[in-house]
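Q:
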Amino acid sequence: MAVMSMSIRLSESNEKRLLALQKAEETVEYFKRERLLNPWSVFFPALPEGSYCFPAASMPDSLQLVASGEYFGTCGPEDTFESAGYEFQREVQISHPDSSTLLLTVQLSWMQANGEKTLSLQQEYKEY
Numbered sequence: 202m203a204v205m206s207m208s209i210r211l212s213e214s215n216e217k218r219l220l221a222l223q224k225a226e227e228t229v230e231y232f233k234r235e236r237l238l239n240p241w242s243v244f245f246p247a248l249p250e251g252s253y254c255f256p257a258a259s260m261p262d263s264l265q266l267v268a269s270g271e272y273f274g275t276c277g278p279e280d281t282f283e284s285a286g287y288e289f290q291r292e293v294q295i296s297h298p299d300s301s302t303l304l305l306t307v308q309l310s311w312m313q314a315n316g317e318k319t320l321s322l323q324q325e326y327k328e329y
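Numbering-wise, our numbering puts 299 at position 98 of the sequence shown, and it's gapless, one number per residue.
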């Protein structure tokens, strides 16, 4: 019975990690799309350095909504969304190493039996 229980926990753990990876990749793709749709003169200033919290399963409709400031700031404990019955938290860090570079770090967090787990993806956007 212990082996079966451990197998179920591993399966659930893998499922959560795959879902987190999927949501992190969706977030990177969202910003990639917004970069393609907007010139650098719009994209770069719309995203000041700092933390952004995206507590919904889907991303906002446009860069203008992100730029409105509604998502600016770190996530609180209540800022979670559900995917496939599991709770996740999505936070994005934006930094500007220089005036022609925007560095995006997406961090997805979730709880497991042995504590909080985190998955991070990073993407660099350049002026072209």
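C-beta: ideal position from N, C-alpha, C; glycine also.
Could you tell me if glutamine 308 is buried or exposed, where buried requires 16 or more neighbouring beta carbons within 10 angstroms of its beta carbon?
A: Glutamine 308 is buried by the Cβ-count criterion.
Q: When the distance is taken between beta carbons, is glutamine 294 closer than 7 angstroms to threonine 142?
A: Nothing about residue 142 can be read from this structure; the chain reaches only from 202 to 329.
Q: Go through its chain and collect everything with a Cβ distance to glutamate 213's Cβ below 7 angstroms, but skip five positions before and after it.
A: For glutamate 213, where only same-chain residues beyond five positions count, there are no Cβ hits under 7 angstroms.
Q: Where DSSP assigns a beta bridge to aspartate 280, which residues make up the other side?
A: The partner list for aspartate 280 (beta bridge, DSSP) is empty, contrary to what the question assumes.
Q: Mind checking which residues open and close the beta strand (DSSP E) that includes phenylalanine 289?
A: Its beta strand (DSSP E) spans residues 287 to 299.
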